[in-house]
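> Below: one structure in structure tokens.
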Amino acid sequence: MKIIRSPTSMAAWSEQLRRQGVKIGFVPTMGALHEGHRALIREARLRCDALVVSIFVNPTQFGPQEDLAKYPRTISQDRALCRKEDVDVSFEPTVEAMYPSGFQTMVTLPTIARRWEGEVRPHHFSGVATVVTKLFGVIRPQIALFGQKDFQQSALVRQLVKDLNLGVEIVVYPTVRETDGLSMSSRNIYLSPDDRIRATTLYKSLQAGAEIIRSGVSDGQAVQAAMAQVVEKEPTLTVDYLVVCDPHSLEPLSAVTSRVVLLGAVRIGSVRLIDNILTNPPRRSS
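In the numbering used here, the protein residues as written are 12 to 297.
As structure tokens, then:
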């Protein structure tokens, strides 16, 4: 596996392969790789000829009070996982290389990014949109994989690619979960043993919402109430949002008439967890 740190060198490597007709796949990460990342990498490996994984803790997507300094950095383990999964390049730029002196341009956010995570973390999606645009420009992949766990981020990236004609196929891979249902996340390491058990409540609440939708309940407020009822049983959890949304626009829905996404975010102490479930109402008999 080749380790590249310079954006110029990364672009040159990609350009050479593209001229040869090589299909480049890309998995963007901030490191601290886990089995969820491994699943993305394996899926990408099946879909391309050459695979790039970026490992870059992007400072522009962290707010002033967020955990940039504490974000886990496990570069040796990350490289070992990438080598084992036959990654061709680990792209590991420095902050100075990605945001050199005089850097001024940020990507303006579409409407899809202004709700939910966008409200709770106002700096986050602007940083995500900017760094993804830069990474696509440097690596120039034909295909890139993102995890469904960050559902709103994936929706944002799809819109970004469409609006700016970036020419990258976006594949969203289903959320990878622990055996008890907790979605895999680099931030799970911050959970104490007791909080780790409580953390499964978020997924259980989303499951409760999906279950009553599949049973025929179509009222959006009733679905939200069912999700909230589950979380209320764990008083140590603080809810940021539990909502029923259109999976494309992420607008909240008052009635479930077709496929929806249930989005949730909770806090356990200083740890913030997000999750989601896609579900459908029952089919109407003809």
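In this text, a Cβ means the ideal position worked out from N, Cα and C, and glycines have one as well.
Just so it is clear, the structure is predicted and the values come from calculations on it, not from any experiment.
Determine the burial state of Val-106: buried for a count of at least 16 other Cβ atoms within 10 Å of its Cβ, exposed for fewer.
Counting from one through the sequence shown, the residue named residue 106 turns up at place 95. Counting Cβ neighbours within 10 Å, Val-106 comes out exposed, since fewer than 16 surround it.
> Does the beta-carbon of Phe-162 have 16 or more other beta-carbons within 10 angstroms, so that it is buried, or is it exposed?
Translated into positions along the sequence shown, residue 162 becomes position 151. With 16 or more other Cβ atoms within 10 Å, it is buried.
> Along the chain, which unbroken stretches of the alpha helix (DSSP H) at least 4 residues long are found entirely within the segment 44 to 77?
Qualifying alpha helix (DSSP H) stretches, in chain order: 46 to 58.
> Hey, how far is the Cα of Val-149 from the Cα of Pro-18?
Taking the sequence shown and counting its residues from 1, the one referred to as residue 149 is at position 138. Taking the sequence shown and counting its residues from 1, the one referred to as residue 18 is at position 7. Straight-line Cα distance between these residues: approximately 6 Å.
> For the beta strand (DSSP E) containing Ile-208, name the first residue and the last one.
By one-based count along the sequence shown, residue 208 stands at place 197. Run containing Ile-208: none in the beta strand (DSSP E); it sits in the alpha helix (DSSP H), 204 to 209.
> So Asp-174 packs on Pro-121, CB below 8 Å; how close in whole Å?
The residue labelled residue 174 in the question sits at position 163 within the sequence shown. The residue labelled residue 121 in the question sits at position 110 within the sequence shown. Sure, about 7 Å apart at Cβ, within 8 Å.
> Going straight from the alpha carbon of Pro-293 to that of Lys-13, what length do you get?
For the purposes of this step, residue 293 is taken as residue 282 along the sequence shown, with counting starting at 1. For the purposes of this step, residue 13 is taken as residue 2 along the sequence shown, with counting starting at 1. If you take the alpha carbons of Pro-293 and Lys-13, they lie about 49 Å apart.
> Can you grab the Cα-Cα spacing for the pair Arg-94 / His-45, in whole Å?
Locating residue 94 in the sequence shown gives position 83, counting from the first residue. Locating residue 45 in the sequence shown gives position 34, counting from the first residue. Answer to the nearest angstrom: the Cα atoms are 14 Å apart.
> For Pro-133 and Val-139, I'd like the C-alpha separation in whole angstroms.
Locating residue 133 in the sequence shown gives position 122, counting from the first residue. Locating residue 139 in the sequence shown gives position 128, counting from the first residue. Rounded to the nearest angstrom, the two C-alpha atoms are 11 Å apart.
> Pick out the complete alpha helix (DSSP H) segments inside the segment 124 to 175, 4 residues or longer, and give them in chain order.
Within the segment 124 to 175, the complete alpha helix (DSSP H) runs of at least 4 residues are 128 to 131, 135 to 150, 162 to 174.
> May I ask you to report which of helix, strand or coil DSSP gives Arg-266?
Position 255 of the sequence shown holds residue 266. In the sequence on display, residue 266 carries Ala and not Arg. Of the three classes helix, strand and coil, the one that applies to Ala-266 here is strand, per DSSP.
> Where does Gly-42 land, buried or exposed, given buried means 16+ other C-beta within 10 angstroms?
The sequence position of residue 42 within the sequence shown is 31, counting from 1. Buried is the call here.
> Please confirm if the segment 247 to 256 is in contact with the segment 267 to 275, defined as three or more CB-CB distances below 8 Å between the two stretches.
Yes: the two stretches touch, three or more of their Cβ pairs being nearer than 8 Å.
> Report the three-state DSSP secondary structure of Gly-36 (helix, strand or coil).
As a working note, residue 36 is residue 25 in the sequence shown. Looking at Gly-36 - three-state DSSP - the assignment turns out to be strand.
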